[in-house]
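Novice: What follows is a structure written as structure tokens; I'll ask about it next.
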Amino acid sequence: MADTAYLDGPNARLAYVHTPGDGPTVVFLSGYKSDMEGTKAVHLEAWAKARGRAYLRLDYSGHGQSGGAFEAGCIGDWAADAQAVIESATEGPLLLVGSSMGGWIGSLLTQRLAGRVAGFVGIAAAPDFTEDGFWAGFSEEERRKVMEEGVTYLPSAYGDPYAVTKRLIEDGRDNLVLRAPLPMPFPVRLMQGSADEAVTRETALRLFDHIDSPDLRLSFVKGADHRFSEPENLAMIEAAIAEIGG
1 MADTAYLDGP NARLAYVHTP GDGPTVVFLS GYKSDMEGTK AVHLEAWAKA RGRAYLRLDY
61 SGHGQSGGAF EAGCIGDWAA DAQAVIESAT EGPLLLVGSS MGGWIGSLLT QRLAGRVAGF
121 VGIAAAPDFT EDGFWAGFSE EERRKVMEEG VTYLPSAYGD PYAVTKRLIE DGRDNLVLRA
181 PLPMPFPVRL MQGSADEAVT RETALRLFDH IDSPDLRLSF VKGADHRFSE PENLAMIEAA
241 IAEIGG
């Protein structure tokens, strides 16, 4: 396994692991409060290494081994973090793989790195969740609390409560991707579990409808949950990367 490297990023010192190999470089973008030691990130690294494929996994600021405080971050910061690591550690074509929030960040990066992206795989992608999930689901009291006090906390089925800050909400509105067509002139594969309690199937369909791609497929998997990390789920991700990434 490759060693962890560090980069002085736009918001904090950023940790990443880059495995050299043939391209396009597979870039794994993890989810909200997740990190590059997650099951999918590590599994796909081993898969890529066994095939001589270039691979990159990273921690956004406030996540994993990177510096910074989680509650200080927002979508714009984390997308800038990912872009900084990608531009520093890789060259040539990219295949972006975004899990949950990473699907939103990946969607942003397909536009910001448009000349380099050769494919995109979204796994339980959660675009615009700060607005359509958090804000839309808040009670009036929760909305007042986050805007006046700066933060509120939501229970999570995946660990500690989620800290939702005013900055996260306001920055999210500046980075929405489901309000206009989303050009992706390359192959795109989206996958969504039917038992996902964090991202709705309607979200998956909205992303499908907004992406403008010549080769776009969305697969629903009966019984799969938000983690999408069972052996058959991992095999499906591998197959999608192999199919669109050469």
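For the sequence shown, the UniProt record's numbering begins at 1 and goes up steadily by one.
Note that CB positions come from ideal geometry on N, CA and C, so glycine has one too.
#1: Do G64 and A125 count as a contact pair if the criterion is CB distance below 8 Å?
#2: With DSSP run on the structure shown, which of helix, strand or coil describes G98?
#3: With DSSP as the reference, label S219 as helix, strand or coil.
#4: Report the rounded CA-to-CA distance for K145 versus A5, giving the unit in angstroms.
#5: Identify the continuous beta strand (DSSP E) that holds L56 and give its terminal residues.
#6: So the alpha helix (DSSP H) V85 belongs to, where does it begin and stop?
#7: Can you name the residues that DSSP bridges to V27?
#8: Please classify R179 as buried or exposed, where buried requires at least 16 other C-beta atoms within 10 Å of its C-beta.
#9: Report whether the distance from the Cβ of G106 to the nearest heavy atom of the ligand NAD is below 7 Å.
#10: Using a threshold of 8 Å, state whether the C-beta atoms of M236 and M191 are closer than that.
#11: With a threshold of 7 Å on Cβ separation, who are the neighbours of D174 within its own chain once the five nearest residues in sequence on each side are excluded?
Specialist: So, from the data block:
#1: Remark: C-beta atoms of A125 and G64 do not approach each other more closely than 8 Å.
#2: Here G98 sits in strand by DSSP.
#3: Look at S219 here: in three-state DSSP terms it is strand.
#4: A5 has its alpha-carbon roughly 39 Å from the corresponding atom of K145.
#5: Start and end: 53 to 58.
#6: 75 to 89 is the extent of the alpha helix (DSSP H) around V85.
#7: Beta-bridge pairing links V27 to L56, L96.
#8: Its Cβ having fewer than 16 others within 10 Å, R179 is exposed.
#9: With respect to the ligand NAD, the structure offers nothing, as it holds no ligand at all.
#10: Their beta carbons are under 8 Å apart, which means M236 touches M191 by this criterion.
#11: So the list reads G76, once near-sequence residues are dropped.
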